[in-house]
Ligand SMILES: [Zn+2]
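Below, the structure is given as structure tokens:
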């Protein structure tokens, strides 16, 4: 396209917001008085159909892949050119907000519409992808659509059940899909140029910084584990304090110690004890054992590793002093997912072009982009979340922020060939 021409679409942001709101109620929600759009449910199907219309209206050909992801495609200047995928998810949590996921999809549609309306063809194709399962709000596995697309193992998931006892296999059959063929959703690496996801921040940082947008440098990795503290249960009236081995008081000291430890790390490092189980759990019994869930997140894998060891040292010290036993159980690790540095810079450039400060954030929450970072160059754009509120009906966005996000995305698309070598993956000429 002519680089001198700047795409101006004043109502793109407002339209994207309106469409998210349109999808916020019946028939696009499976609950009354709020939004719940689980994977492969009636509401998901209805929302996908509405989206199909909007994608077609924006000049895309539309198909659904073997994992139920809707893909709209706008061809580049040559047929079968590799695609810049712009995507996010259209499922929601129970009683969720209108913009989590859906906004990124609607912004993708707006971007394509802006190029199509001008008859502009790029040296790559544009695809808008709407994943059906990111939240894992129906079946006990999240990001199924992006996992399948990126060719990651999804395991033997056909017999997973939702809360009504319906298996994934049955749910897929209900919409004409076959769980046994989900692997066919896998895309060839050479057909994908890059992945871009716009998403609400879902936290308070941008609002605090008075900033509408940020480029995401990485999606934080996670270490998740349980600490079991073994003390000695006893009569709450007869055992003197100095003779007790109270599992809960030891656990409390550990919780506070973990918080102190986390504060000593970098700003993007967070640690949370979200759950404590105490046994036997009676008003007149000294707690005999306690189990703590610990979750630490950071974009730095080495930092996560180190913190895991630090937590164990801390726990050991407290346990020895209080003469209680301890062990770590069910340790799970999810590696940090770094975005592509060139694309992060390109987003920052676009944000500055809007006259805004180019903030860079680590995403503490997981996103579909996580499945993409080790597969294709990936970028994520965050939009300010008023009040930091998300996964809640009060979730909101500011229309001017969404408009700015649209402008940054168009800028990103326009200048992408300057930072990625697209000649190596050029498709065949039509
Ligand atoms: Zn989301």
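Residue numbers (UniProt numbering): 1 to 430.
Glycine residues also receive a C-beta, built at the ideal position from the N, C-alpha and C atoms.
#1: Between the C-alpha atoms of residue 56 and residue 177, what's the straight-line distance to the nearest angstrom?
#2: Measuring alpha carbon to alpha carbon, tell me which residue in 365, 407 and 103 is nearest residue 222.
#3: Which whole-angstrom value is the C-beta distance of residue 88 and residue 235, which I expect to be below 8 Å?
#4: Give the range of the alpha helix (DSSP H) segment to which residue 121 is assigned.
#5: From residue 371 to residue 154, what distance separates their C-alpha atoms?
#6: Following the continuous beta strand (DSSP E) through residue 135, name the residue where it begins and the one where it ends.
#7: When DSSP builds the beta bridges, which residues end up paired with residue 381?
#8: Looking at residue 324: is its Cβ nearer than 9 Å to the Cβ of residue 239?
#9: Would residue 322 and residue 183 qualify as a contact pair, given that the criterion is a beta-carbon distance under 9 Å?
#10: My assumption, with CB atoms under 8 Å, is that residue 256 sits in contact with residue 271. Please give the rounded CB distance.
#11: Compute the Euclidean distance between the alpha carbons of residue 35 and residue 326, then round it to the nearest angstrom.
#12: When the Cα atoms are used, what is the spatial distance from residue 108 to residue 335?
#13: So which residues touch the region around ligand 1, with touch meaning a C-beta under 5 Å from any heavy atom?
#14: Spatial neighbours of residue 7 within its chain, please: CB distance less than 6 Å, with the 5 preceding and 5 following residues excluded, ordered by chain position.
#15: Helix, strand or coil, according to DSSP, for residue 126 in the structure here?
#16: Within 10 angstroms of the Cβ of residue 243, are there 16 or more other Cβ atoms? Answer buried if so, exposed if not.
#17: Quick check: the Cα distance between residue 418 and residue 15, rounded to an integer number of angstroms?
#18: Let me know the secondary structure DSSP gives residue 97 once reduced to three states.
#19: Locate the alpha helix (DSSP H) running through residue 172, then write down its first and last residues.
Short version:
#1: Locating residue 56 in the chain shown gives position 56, where the first residue counts as 1. Locating residue 177 in the chain shown gives position 177, where the first residue counts as 1. Approximately 22 Å between the Cα atoms of the pair.
#2: On the chain shown, position 222 is the one that residue 222 refers to. Nearest to residue 222 by C-alpha distance, out of 365, 407 and 103, is 365.
#3: As a working note, residue 88 is residue 88 in the chain shown. As a working note, residue 235 is residue 235 in the chain shown. In fact, because the Cβ distance is near 56 Å, the residues do not count as touching under 8 Å.
#4: The sequence position of residue 121 within the chain shown is 121, counting from 1. First-last for residue 121: undefined, no H or E at that position.
#5: Counted from its first residue, the chain shown places residue 371 at position 371. Counted from its first residue, the chain shown places residue 154 at position 154. Approximately 12 Å between the Cα atoms of the pair.
#6: Position 135 of the chain shown, counting from 1, holds the residue named residue 135. Per DSSP, residue 135 lies in no beta strand (DSSP E) segment and is marked neither H nor E.
#7: Along the chain shown, one-based indexing puts residue 381 at 381. In the DSSP output, where bridge partners are listed per residue, residue 381 has 198 and 215.
#8: Position 324 of the chain shown holds residue 324. Position 239 of the chain shown holds residue 239. Not in contact: residue 324 and residue 239 (Cβ atoms no closer than 9 Å).
#9: Taking the chain shown and counting its residues from 1, the one referred to as residue 322 is at position 322. Taking the chain shown and counting its residues from 1, the one referred to as residue 183 is at position 183. Taking 9 Å as the Cβ cut-off, residue 322 and residue 183 do not qualify as a contacting pair.
#10: One-based indexing of the chain shown puts residue 256 at position 256. One-based indexing of the chain shown puts residue 271 at position 271. Incorrect: roughly 11 Å between the Cβ atoms, too far for contact.
#11: The residue labelled residue 35 in the question sits at position 35 within the chain shown. The residue labelled residue 326 in the question sits at position 326 within the chain shown. Each residue's alpha carbon lies about 42 Å from the other.
#12: For the purposes of this step, residue 108 is identified with residue 108 of the chain shown, where counting begins at 1. For the purposes of this step, residue 335 is identified with residue 335 of the chain shown, where counting begins at 1. Looking at the two C-alpha atoms, the distance is approximately 28 Å.
#13: Counting only beta-carbon distances shorter than 5 Å to the non-hydrogen atoms of ligand 1, the qualifying residues in chain order are 100 and 101.
#14: In the chain shown, residue 7 corresponds to position 7, counting from 1. Cβ within range, chain order: 114 and 410.
#15: In the chain shown, counting from the first residue as 1, residue 126 sits at position 126. Strand at residue 126.
#16: Residue numbering aside, residue 243 sits at position 243 when the chain shown is read from its first letter. Burial call: exposed.
#17: To locate residue 418, count along the chain shown from 1; it is residue 418. To locate residue 15, count along the chain shown from 1; it is residue 15. Their Cα atoms are separated by approximately 29 Å.
#18: For the purposes of this step, residue 97 is taken as residue 97 along the chain shown, with counting starting at 1. Coil at residue 97, not helix or strand.
#19: Along the chain shown, one-based indexing puts residue 172 at 172. Its alpha helix (DSSP H) spans residues 168-174.
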